[in-house]
Amino acid sequence: MSAPTQGLSAGTWVIDPAHSALEFAVRHLMVSKVRGRFKDFSGQLVVHPDGTADADVEIKVDSVTTDNAQRDGHLATADFFDVSNYPVATFAARGFRPIAGEFEVTGDFTIRGTTHPVTLAVEFLGSGPGMTDAPVAGYTATATINRRDFGITTEMPMANGGAVIGDKITLTLDVEVGLQG
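The working numbering applies: residue 709 is where the sequence shown begins, and numbers increase by one.
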């Protein structure tokens, strides 16, 4: 698939977990947002000699944390991620499209065994030599998904008719990738 690889060398660029983050935000009580992150995820960007690329990300959903043990325990249950039956969520890129100096990545996002297309808005942050002089590059990707599309339909209505948990989830992926080999 065609990708704006910003002149990156052909090869496999792997996410550096020490310099990357996968975070989310969701409305809470209709007045604020709860933020969380996944501590265990991996992925790669494969740049082919012709400049096209493929990308994929794997997320261990039991690594979710919102810094609240009770809520994190509830997120692991069948009400939300159902980690005992669906321990991994994945994203597989299907297409890259340049847009005004940045680009969009479309792909298949799978949560709880349900797959839906998702479009990420991606900003290229730069590239250069890393701490060991090996090539590195940075990206920020964002997307908004609807939890109901993935079978996360738990209702927690409020007395005023609102919802404890919003349907829209904002995802932010900040990654540093390093060229392998």
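Backbone N, C-alpha and C define an ideal beta-carbon position, used for all residues, glycine too.
Using only the alpha-carbon positions, how far apart do residue i and residue j sit?
i: P795; j: T760; result: 31 Å
i: F789; j: T827; result: 21 Å
i: S792; j: V769; result: 10 Å
i: T823; j: E766; result: 14 Å
i: E810; j: G715; result: 14 Å
i: L833; j: A801; result: 19 Å
i: T814; j: V739; result: 31 Å
i: A784; j: F746; result: 12 Å
i: G803; j: L753; result: 12 Å
i: A786; j: T878; result: 21 Å
i: P843; j: D882; result: 17 Å
i: A808; j: A849; result: 15 Å
i: D841; j: T774; result: 35 Å
i: R743; j: A726; result: 20 Å
i: D857; j: P825; result: 10 Å
i: E891; j: D758; result: The structure shown does not extend to residue 891, since the chain is modelled only from 709 through 889, so no value can be given for it.
Pull up the DSSP beta-bridge partners for residue i, would you.
i: F789; result: DSSP lists no partner for F789.
i: K768; result: V796
i: V754; result: T720, D762
i: K741; result: R735
i: A729; result: D882
i: T773; result: R745
Mind reading off the beta-carbon distance from residue i to residue j? Whole number of angstroms is fine, and I expect it under 8 Å.
i: R820; j: I873; result: Not really, about 16 Å apart at Cβ, beyond 8 Å.
Considering only the alpha carbon of each residue, which of the options lies closest to residue i?
i: G751; options: I877, D764, G744; result: D764
i: A871; options: P725, S728, W721, V734; result: V734
i: Q798; options: D787, T785, G719, T818; result: Per the sequence presented here, residue 798 reads as Thr, with Gln not at that position. Closest by alpha carbon: T818.
i: D875; options: A867, R855, M864, V844; result: R855
i: F732; options: T852, R805, Y847; result: T852
i: D724; options: A845, N776, M864, A867; result: A845
Unbroken stretches of the beta strand (DSSP E), 3 residues or longer, contained in the stretch 800-886: The stretch 800-886 contains these whole beta strand (DSSP E) runs: 810-819, 822-837, 843-854.
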